[in-house]
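Asker: In this note's numbering, the protein residues as written are 1 to 214.
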Amino acid sequence: MTVQIKICGLSTPETIDAAVEAGASHVGLVHYEPSPRHVSLEDAARLRGRVRGKAKAVLLLVNADAQTTARAIDVIRPDVLQLHGSETPEWCGVLREKLDLEIWKARGLRDAGTLERARQYVGHVDRLLFDAPAPRQEGALPGGNGVAFDWTLLADHDHQVDWALAGGLTPDNVAQAIRETGAPLVDASSGLESAPGVKDVDLIRCFCEAARAA
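(1) Measure the Cβ-Cβ separation of Thr69 and Leu61 and say whether it is below 8 Å.
(2) Under 8 Å between the Cβ atoms of Val201 and Gly168?
(3) Assuming Arg212 is part of the alpha helix (DSSP H), what are its boundary residues?
(4) In angstroms with no decimal places, state the Cα-to-Cα distance between Ala140 and Pro133.
(5) Tell me which same chain residues have a C-beta within less than 7 Å of the C-beta of Lys56, skipping the five on either side of it?
(6) Rounding to the nearest angstrom, what Cα-Cα distance links Ser11 and Val39 in this structure?
(7) Let's see if you can read the secondary structure: which residues bound the alpha helix (DSSP H) around Glu116?
(8) Excluding the 5 residues preceding and the 5 following Leu115 in the sequence, name in chain order all residues of the same chain whose CB lies nearer than 6 Å to its CB.
(9) Given this structure, state the Cα-to-Cα distance separating Ala195 from Ile5, to the nearest angstrom.
(10) If you reduce the DSSP assignment to three classes, tell me which class Arg50 lands in.
(11) Measuring alpha carbon to alpha carbon, tell me which of Asp17, Val3, Pro13 ends up nearest Arg205.
(12) Could you tell me which whole alpha helix (DSSP H) segments of length 4 or greater appear in the stretch 163-195?
(13) According to DSSP, is Leu10 helix, strand or coil?
(14) When DSSP builds the beta bridges, which residues end up paired with Trp104?
(15) Starting from the C-beta of Leu215, find all residues in its chain whose C-beta is less than 8 Å away, skip the five residues before and the five after it, and write them out in chain order.
(16) If you run the structure through DSSP and keep just helix, strand and coil, what is Val27?
(17) Since Ala57 is in the beta strand (DSSP E), which residue starts that stretch and which ends it?
(18) Since Val198 sits in a beta bridge, which residues does DSSP pair it with?
(19) Any idea what DSSP makes of Val75, helix, strand or coil?
(20) For Glu193, count the other beta carbons within 10 Å of its own beta carbon; 16 or more makes it buried, fewer makes it exposed. Which is it?
(21) Starting from Ile5, follow its DSSP beta bridges and name the residues at the other end.
Pasting the structure below:
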């Protein structure tokens, strides 16, 4: 199995280029102001242009309204829209019907119950991205917190839709994560940073190498 690799939260030409050169299949652009990885629509569009034809560009939004979503897609022209907030299955389905791009939905997994509830998105999205749950504190980010969840929750799970694994992945643990879960796509962000929002090109390369070697 060839594992696909997404590097999320990229914000500079240097790190975008490093991800593509290292073999990432997807690059993530975060448009969410509270995040240290936030990029403006204009900057995201320029970064998106660097990967056209080389990797898929994933636009990450959090609880964006219809107008904000439409504007962001019009400016950036991503291949994938990743929804990382409390978006409902119905809203995901509406976007999937209207937009000519893949719709991914992130879901935090705390226990078997949260995994089971993720099934309500089957038929409404193209991929589920399983992440660690957001910390239970005011102002906590919905993702990119550098925390892993219990991978055994996914052992022998009957996935009824394409899926991806996120949450605390690093060059040191990604191979084990792939072996334990069988993840077809792995997604890393904070585990590849030297400071919040600052990607390290060496960590990006090491992560991609470790994922491919798993």
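Built from N, CA and C at the ideal position, the CB exists for glycine as well.
Remember, it's a predicted structure, so these values are computed and weren't measured experimentally.
Answerer: According to the structure shown:
(1) yes
(2) no
(3) 201-213
(4) Only weak support exists for where Ala140 lies, its pLDDT of 48 falling under 50; the coordinates are left without a value.
(5) Ser25, His26, Asp79, Val80
(6) 6 Å
(7) 112-117
(8) Leu109, Leu153
(9) 21 Å
(10) helix
(11) Asp17
(12) 174-181
(13) coil
(14) Gln82, Arg127
(15) No information on residue 215 is available, as it lies outside the stretch 1 to 214 that the chain covers here.
(16) strand
(17) 56-61
(18) Ala195
(19) helix
(20) buried
(21) Val186
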